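From first to last, the protein sequence lines stand for chains A and B. Okay, so the first sequence: first residue is 1 according to this note's numbering, each after it adds one. Okay, so the second sequence: first residue is 1001 according to this note's numbering, each after it adds one.
Protein chains: 2
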Amino acid sequence: MSGLGEFERIARFFSPLVEGQSDALGLTDDAALVTPPPGKRMAVTADALVAGVHFLADDPADRVARKALRVNISDLAAMGAEPYGYTITLALPRGMVDAEAWIERFARGQAEDHAEYGIRLLGGDSVSTPGPLSISVTAFGWVPADRALTRAGAQPGDDIYVSGTIGDSFLGLAVLQGADFDLSEAERTTLADRYLLPQPRPQLGQLLLDVASAGLDVSDGLLQDLGHICEVSGGGAEVELPLVPFSDLGQRLVRAGAVRAEDLVSGGDDYELLFTAPESARDVVSCLAGQAGLPLTRIGKMRSGSRVDLLDAAGKSMALDRRGYTHA
Amino acid sequence: MSGLGEFERIARFFSPLVEGQSDALGLTDDAALVTPPPGKRMAVTADALVAGVHFLADDPADRVARKALRVNISDLAAMGAEPYGYTITLALPRGMVDAEAWIERFARGQAEDHAEYGIRLLGGDSVSTPGPLSISVTAFGWVPADRALTRAGAQPGDDIYVSGTIGDSFLGLAVLQGADFDLSEAERTTLADRYLLPQPRPQLGQLLLDVASAGLDVSDGLLQDLGHICEVSGGGAEVELPLVPFSDLGQRLVRAGAVRAEDLVSGGDDYELLFTAPESARDVVSCLAGQAGLPLTRIGKMRSGSRVDLLDAAGKSMALDRRGYTHA
Chain A
1 MSGLGEFERI ARFFSPLVEG QSDALGLTDD AALVTPPPGK RMAVTADALV AGVHFLADDP
61 ADRVARKALR VNISDLAAMG AEPYGYTITL ALPRGMVDAE AWIERFARGQ AEDHAEYGIR
121 LLGGDSVSTP GPLSISVTAF GWVPADRALT RAGAQPGDDI YVSGTIGDSF LGLAVLQGAD
181 FDLSEAERTT LADRYLLPQP RPQLGQLLLD VASAGLDVSD GLLQDLGHIC EVSGGGAEVE
241 LPLVPFSDLG QRLVRAGAVR AEDLVSGGDD YELLFTAPES ARDVVSCLAG QAGLPLTRIG
301 KMRSGSRVDL LDAAGKSMAL DRRGYTHA
Chain B
1001 MSGLGEFERI ARFFSPLVEG QSDALGLTDD AALVTPPPGK RMAVTADALV AGVHFLADDP
1061 ADRVARKALR VNISDLAAMG AEPYGYTITL ALPRGMVDAE AWIERFARGQ AEDHAEYGIR
1121 LLGGDSVSTP GPLSISVTAF GWVPADRALT RAGAQPGDDI YVSGTIGDSF LGLAVLQGAD
1181 FDLSEAERTT LADRYLLPQP RPQLGQLLLD VASAGLDVSD GLLQDLGHIC EVSGGGAEVE
1241 LPLVPFSDLG QRLVRAGAVR AEDLVSGGDD YELLFTAPES ARDVVSCLAG QAGLPLTRIG
1301 KMRSGSRVDL LDAAGKSMAL DRRGYTHA
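The following block contains the structure:
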């Protein structure tokens, strides 16, 4: 790395992010000191991202920062937690010529998502590496002492819901990798943004605490993630493909034969919430959709057994070549 | 990476580490759920380590795991915190042929330090990288709601103390890099171990909560770290070189002219605690040394101004070519 040493970099780019915040101790101490709110449990999650694997090496640094934060915020949302803070470690390539400019822009992305999600920096580390730029974030949030949204608790007969739309991130990555799809520039940007900048659902997660029997965020692919709920809850599931919510763009591309609907379902990186709730809760769920300002679509049912089936329009189980995206 | 996917690796190597521990949810959920003890604040710290930079690429994996945990436990100790748990993210080189064997041994190192420091795994992530193996740990501990050991609070006139001995890790790294020093194999191993396996001082940190005015752990080098106390507390300091505690081996190498005493003082990676306390607390400090089973040596005094001086046997300030080790 060029120019500034670690202490100067912290002082210049990261200390302004914690101004007015007593728990980070100005990033000048060995650790941050956080006072847990009474009657809460802390949700803790960690995710690592590597340039060229989890983001593209020339993605703008502010987008990279926000993606790193948001995949973690999505995990907090998946527990029904209110986001609180995070630590971050950065491994910056040796000899990175524009390190300061990159970090400055990275910190700007952090600041934007601090404002957007009410999350704060608590500490971290920056080191140099002979390898690609890598980021590791550990995020914290609070859940009520007696409740959380976990993968356990889904019962046979429970409805399966998903928030928002599925498959846009898959299409966005395809666009970024050169797929044309016969779309306008604006449409291509819309899809690319879905991949580059996940929209985690922490408010929805908190609303679901009282109604969902189980839940998680869709990162590996809807069917594979549903499989995680089945494994932990014990049980099987079926999803009706015609019910899975696609965006207008997604629907258009399926109709045009540019992609198959089942590819959108197993694409991953959606960061929507997938959850189960008893049939008796349908009215409550539809009310929460209004409160969250987000479609919540019923896409199938939990059942006994352990299989996860995707049913076509005729109700027939479809053979799939891939159930989901396996993170490298 | 070869063989097992991420889910299988977690199940085989990491899930056994959290057996009987409800907060990690078997590592099968989106986040861990930790119940904070009443009346405590949480100390949070993060450190990243890169193969070839912070450890040697062929260091045994269990040692690497323990080093990654211990540099973080040392930061908790430096706040006076009782270690509780941690998250860890691993970036493993693509095509690493012995990944499973490496991870198995890594997990064995984690288990050893879980037992040694009463710390537990809470969650994490493992990804593949085209770069070197990298590790990021975020560690948590608890401090009383009304006290913590921070870098702020040192007053002019306060005594400066350091625990244990200084400089062995510097010598250990030199040995690992090929320095001979005319030592026996056993002596060389002793020194190398000090570099490879830091001995953090969490018990001492907790004991110091009631007596130290400021403190931190020595990672960048005694003088540079003392500089951090001076910056945050406001003030200067002087250290008397003849008072700085060296190990028998360190003293022998200084006498033999193999290294200079001032190199040992500025070497870094000691992970001893450096702290200040009022002169009136000398008896208490000496009593705590007994309780901690660890020498606590008075090496100088805080004073006004902002300079940090190293004084020789004649009380003269020494000109130094390097004040400390700057972490890459």
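Beta carbons: idealized from backbone N, C-alpha and C, even for Gly. Source: prediction; values computed, not measured.
Cβ-based neighbour list, residue i, same chain, cut-off 7 angstroms, excluding 5 preceding and 5 following
i, result
"lysine 1040 of chain B", "Trp1142, Val1143, Pro1144 and Ala1145"
"glutamate 279 of chain A", "Gly157 and Asp159"
"histidine 1228 of chain B", "Arg1151 and Leu1216"
"proline 1036 of chain B", "Met1042"
Residues that DSSP places opposite residue i in a beta bridge
i, result
"alanine 1139 of chain B", "B/Thr1045 and B/Tyr1086"
"methionine 302 of chain A", "A/Ala237"
"lysine 40 of chain A", "A/Pro144"
"valine 50 of chain A", "A/Ser134"
"serine 1317 of chain B", "B/Leu1311"
Per-residue DSSP class, three states only, for residue i
i, result
"phenylalanine 1055 of chain B", "strand"
"glutamate 238 of chain A", "strand"
"alanine 1091 of chain B", "strand"
"glycine 1124 of chain B", "strand"
"leucine 288 of chain A", "helix"
"leucine 1311 of chain B", "strand"
"valine 1254 of chain B", "helix"
"isoleucine 1103 of chain B", "helix"
"phenylalanine 275 of chain A", "strand"
"leucine 296 of chain A", "strand"
"serine 1266 of chain B", "coil"
"serine 1247 of chain B", "coil"
Euclidean distance between Cα positions of residue i and residue j
i, j, result
"leucine 1017 of chain B", "glutamate 1100 of chain B", "16 angstroms"
"threonine 15 of chain A", "glycine 26 of chain A", "At residue 15 of chain A the sequence reads serine, which differs from the threonine that was named. If you take the alpha carbons of serine 15 of chain A and glycine 26 of chain A, they lie about 6 angstroms apart."
"alanine 81 of chain A", "aspartate 30 of chain A", "27 angstroms"
"glycine 205 of chain A", "isoleucine 73 of chain A", "11 angstroms"
"phenylalanine 275 of chain A", "serine 317 of chain A", "21 angstroms"
"leucine 69 of chain A", "glutamine 110 of chain A", "8 angstroms"
"glycine 234 of chain A", "leucine 294 of chain A", "29 angstroms"
"phenylalanine 1106 of chain B", "arginine 255 of chain A", "50 angstroms"
"glutamate 6 of chain A", "arginine 94 of chain A", "13 angstroms"
"arginine 298 of chain A", "glutamate 8 of chain A", "52 angstroms"
"isoleucine 1075 of chain B", "leucine 288 of chain A", "The sequence shown places aspartate at residue 1075 of chain B, not isoleucine. Near 43 angstroms, if we compare the C-alpha coordinates of leucine 288 of chain A and aspartate 1075 of chain B."
"aspartate 309 of chain A", "proline 60 of chain A", "39 angstroms"
"glycine 1020 of chain B", "leucine 196 of chain A", "39 angstroms"
"serine 1163 of chain B", "aspartate 98 of chain A", "41 angstroms"
"phenylalanine 246 of chain A", "glycine 172 of chain A", "13 angstroms"
"serine 22 of chain A", "threonine 28 of chain A", "12 angstroms"
"glycine 1178 of chain B", "alanine 1192 of chain B", "11 angstroms"
"leucine 176 of chain A", "serine 134 of chain A", "20 angstroms"
"serine 343 of chain A", "leucine 49 of chain A", "Examination of residue 343 of chain A is not possible in this model, given that chain A is present from 1 through 328 alone."
"alanine 212 of chain A", "threonine 89 of chain A", "34 angstroms"
"arginine 66 of chain A", "glutamine 1251 of chain B", "51 angstroms"
"arginine 1188 of chain B", "phenylalanine 1170 of chain B", "12 angstroms"
"glycine 1085 of chain B", "valine 44 of chain A", "10 angstroms"
"aspartate 269 of chain A", "arginine 1282 of chain B", "59 angstroms"
"alanine 1313 of chain B", "aspartate 1263 of chain B", "16 angstroms"
"alanine 261 of chain A", "proline 198 of chain A", "21 angstroms"
"methionine 79 of chain A", "alanine 1277 of chain B", "44 angstroms"
"leucine 226 of chain A", "serine 1128 of chain B", "24 angstroms"
"glutamine 224 of chain A", "glycine 267 of chain A", "10 angstroms"
"leucine 33 of chain A", "alanine 1077 of chain B", "13 angstroms"
"arginine 1303 of chain B", "valine 1284 of chain B", "22 angstroms"
"alanine 57 of chain A", "alanine 51 of chain A", "5 angstroms"
"valine 137 of chain A", "glycine 1315 of chain B", "47 angstroms"
Own chain partners of residue i with C-beta closer than 6 angstroms, once the 5 adjacent residues on each side are dropped
i, result
"valine 1259 of chain B", "Leu1253"
"arginine 307 of chain A", "Gly236"
"valine 1244 of chain B", "Ile1166, Val1265 and Ile1299"
"tryptophan 1102 of chain B", "Ala1061"
Close-in-space but distant-in-sequence residues of the same chain around residue i (CB under 8 angstroms, 5 per side omitted)
i, result
"leucine 1311 of chain B", "Glu1238, Val1239, Glu1240, Leu1241, Gly1300, Ser1317 and Met1318"
- Message: If we require 3 or more residues per run, which beta strand (DSSP E) segments fall completely within the segment 1007-1035 of chain B?
- Response: 1032-1034
- Query: Hey, which unbroken runs of the beta strand (DSSP E) at 3 residues or more fall wholly within the segment 1149-1233 of chain B?
  - Reply: 1159-1163 and 1214-1217
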